[in-house]
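Heads up, the thing below is written out as structure tokens.
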Amino acid sequence: MSALYRRQSVFVPREPGEVFALVDDVSSMHRWLDRCIRVQKYHGGENAVGDALRCVYQGVTRHGVLTGAIVAREPARSLACVYAGRFMRVAFDFSLSPRGEGTYLTHSVQVTPIGWLARLWSPFIRRMLERHMAGTMDGLRHCLLAARGEETALSRR
-11 MSALYRRQSV FVPREPGEVF ALVDDVSSMH RWLDRCIRVQ KYHGGENAVG DALRCVYQGV
49 TRHGVLTGAI VAREPARSLA CVYAGRFMRV AFDFSLSPRG EGTYLTHSVQ VTPIGWLARL
109 WSPFIRRMLE RHMAGTMDGL RHCLLAARGE ETALSRR
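Numbering follows this note's numbering, in which position 61 of the sequence shown is assigned residue number 49; successive positions increment by one, without gaps.
So this is what it looks like as structure tokens:
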């Protein structure tokens, strides 16, 4: 079964370092990562490639758990993680590039169903992935704009 892949980009009027700080902070991912309940890092300190992670998420009928790791990390430029669970493998990354007075943020997700049941659910997973991407990017933008109280000013335009 081939992987399901989605990519979405958005402009955020924030410096790349500020955007990266939010994306890199695993303790706050539940605020903006759609369907995420909690992400935990097994070891303290600054994030680094190889750090093990555990993500608890809201599944269709119950909570699910994915274990993973940070696979690439370049401050103010990119972050990539890979997670695996019983029915799927999920790889995602965030790429940041400065654009004028802000940052162009690109988020990519690749979901690989594992097993016949997950393959059977692939059309449903594909639709959920579309909503997940929109929710995640909206959540990120909301968190970044709310940090300085600009969300209401920008939403009125």
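C-beta: ideal position from N, C-alpha, C; glycine also. Nothing here was measured: the structure is a model prediction, and the numbers come from that model.
Per DSSP, the unbroken alpha helix (DSSP H) holding E6 starts and ends at P4 to D12. Judged by DSSP in its simplified three-state form, P86 adopts strand. Residue environment: G33 is assigned as exposed (fewer than 16 neighbouring CB atoms within 10 Å of its CB, all protein chains considered). For the 8 Å CB-CB criterion, A68 and V59 form a contact. Note that the C-beta distance between I113 and V97 is not below 8 Å. Boundaries of the beta strand (DSSP E) around L(-8): L(-8) to V0.
Taking a C-beta distance under 8 Å as the contact criterion, V(-2) and R129 qualify as a contact pair. Residues of the same chain with their beta carbon placed closer than 6 Å to that of R74 are lacking, with the five preceding and five following residues left out of the count. The C-alpha of Y92 is placed about 13 Å away from the C-alpha of R(-5). Of the candidates R77, F82 and T94, R77 places its Cα closest to the Cα of R107. In the DSSP assignment, G73 falls outside any beta strand (DSSP E) and carries neither an H nor an E. Each of W109, S83 and V37 was checked against the Cα of P4, and the nearest Cα belongs to S83. Beta-carbon to beta-carbon, L117 and R2 are separated by about 26 Å, too far to satisfy the 8 Å threshold. Taken atom to atom, the span from the alpha-carbon of H18 to that of G88 is near 29 Å.
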